[in-house]
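Visitor:
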Amino acid sequence: MTRERGILRWPVLRQLRGEDPRSDAARSARTDALRPRVEQADKVARSVCPYCAVGCGQLVYAKEGRVTQIEGDPDSPISRGRLCPKGSASKQLVNHPDRQTTVLYRRPHGTEWERLDLDTAMDMIADRVVRTRRETWQQEEDGKVVRRTLGIASLGGATLDNEENYLMKKLYTALGAIQVENQARI
Ligand code: SF4
Numbered sequence: 001m002t003r004e005r006g007i008l009r010w011p012v013l014r015q016l017r018g019e020d021p022r023s024d025a026a027r028s029a030r031t032d033a034l035r036p037r038v039e040q041a042d043k044v045a046r047s048v049c050p051y052c053a054v055g056c057g058q059l060v061y062a063k064e065g066r067v068t069q070i071e072g073d074p075d076s077p078i079s080r081g082r083l084c085p086k087g088s089a090s091k092q093l094v095n096h097p098d099r100q101t102t103v104l105y106r107r108p109h110g111t112e113w114e115r116l117d118l119d120t121a122m123d124m125i126a127d128r129v130v131r132t133r134r135e136t137w138q139q140e141e142d143g144k145v146v147r148r149t150l151g152i153a154s155l156g157g158a159t160l161d162n163e164e165n166y167l168m169k170k171l172y173t174a175l176g177a178i179q180v181e182n183q184a185r186i
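Start counting the sequence shown at 1; every next residue gets the next number (full-length UniProt numbering).
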């Protein structure tokens, strides 16, 4: 749209000339120049907010393989396009320069974090699980069969969604661990 310059831009003049006083006449050149944040995206994917178990629907916009914006999905029956402030800021979870992308490990009595590759970390966890079960397995207690270990416990965070919690509960139950908790319940 062609817009006048100088005094002709004054909203009161434009309103007297009959332009819509609620939008066009009161709109600044800066507002005219603004473009939607998602306009440049070359791809949009549907996702679910990872922060809590509400599971609000998200539209994830990307350009050249990089996430550029995350907004509420109006088609989600859970949230109908809305996100809370935390969900609205979830782009930072992907793009923030402080995001951790490698495993960090601090040894017993250590004072510094060490970076580990994922295979090494997974092997260390598996070794500990096997050893702990072997050392702490209880077959019976007070004459009753319990078949459990009290040497393994799980404390989940609220960024885990329902499906992840379901799988974790199955895993720990299969391992014989009974102390399975979540931060949201505590
Ligand atoms: S953190 Fe907010 S946006 Fe994300 S699922 Fe929970 S309520 Fe929805």
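Beta carbons: idealized from backbone N, C-alpha and C, even for Gly.
1) For Ala26, collect the residues of the same chain with a Cβ closer than 6 Å to its Cβ; drop the 5 residues on either side in sequence, then sort them by chain order.
2) Have a look at Leu118 and Ala126 and give me their C-alpha separation to the nearest angstrom.
3) For ligand 1, list every residue whose C-beta falls under 5 Å from any of its heavy atoms, going in chain order.
4) With the cut-off set at 8 Å, would you say Ala121 and Ala153 are in Cβ contact?
5) Closest to Ala41 by CA distance: which of Arg14, Ile70 and Leu34 is it?
6) Of all the options Met124, Gly157, Ala45 and Asp75, which has the alpha carbon lying nearest to the alpha carbon of Arg107?
7) From this set, Cys52, Asp75 and Gly143, which residue's C-alpha is nearest Leu59's C-alpha?
8) Hey, which unbroken runs of the beta strand (DSSP E) at 3 residues or more fall wholly within the segment 145 to 186?
9) Rounding to the nearest angstrom, what Cα-Cα distance links Asn95 and Asp161 in this structure?
10) Give the single residue among Cys84, Glu181 and Arg131 whose Cα lies nearest to the Cα of Pro50.
11) What residue does the alpha helix (DSSP H) around Ala89 start on, and which one ends it?
12) Taking the DSSP output, what are the residues bridged to Gly72?
13) When you compare only the Cα positions, how much space is there between Glu140 and Gly156?
14) Pick helix, strand or coil for Glu135, following the three-state DSSP scheme.
15) Using three-state DSSP, classify Ala45 as helix, strand or coil.
16) Can you tell me which of the three DSSP states Pro11 falls into?
17) Could you tell me which uninterrupted alpha helix (DSSP H) segments, each at least 4 residues in length, are contained entirely in the segment 91 to 130, listed from first to last along the chain?
Guide: In this structure, then:
1) Pro11
2) 12 Å
3) Cys49, Tyr51, Cys52, Val54, Cys56, Leu83, Cys84, Lys86 and Gly87
4) no
5) Ile70
6) Met124
7) The residue with the shortest Cα to Cα distance from Leu59 is Asp75.
8) 177 to 182
9) 21 Å
10) Cys84
11) Run containing Ala89: none; DSSP gives neither H nor E here.
12) Gln58
13) As the crow flies, the alpha-carbon of Glu140 is around 28 Å from that of Gly156.
14) Glu135: helix per DSSP, three-state reduction.
15) strand
16) Here Pro11 sits in helix by DSSP.
17) 91 to 95
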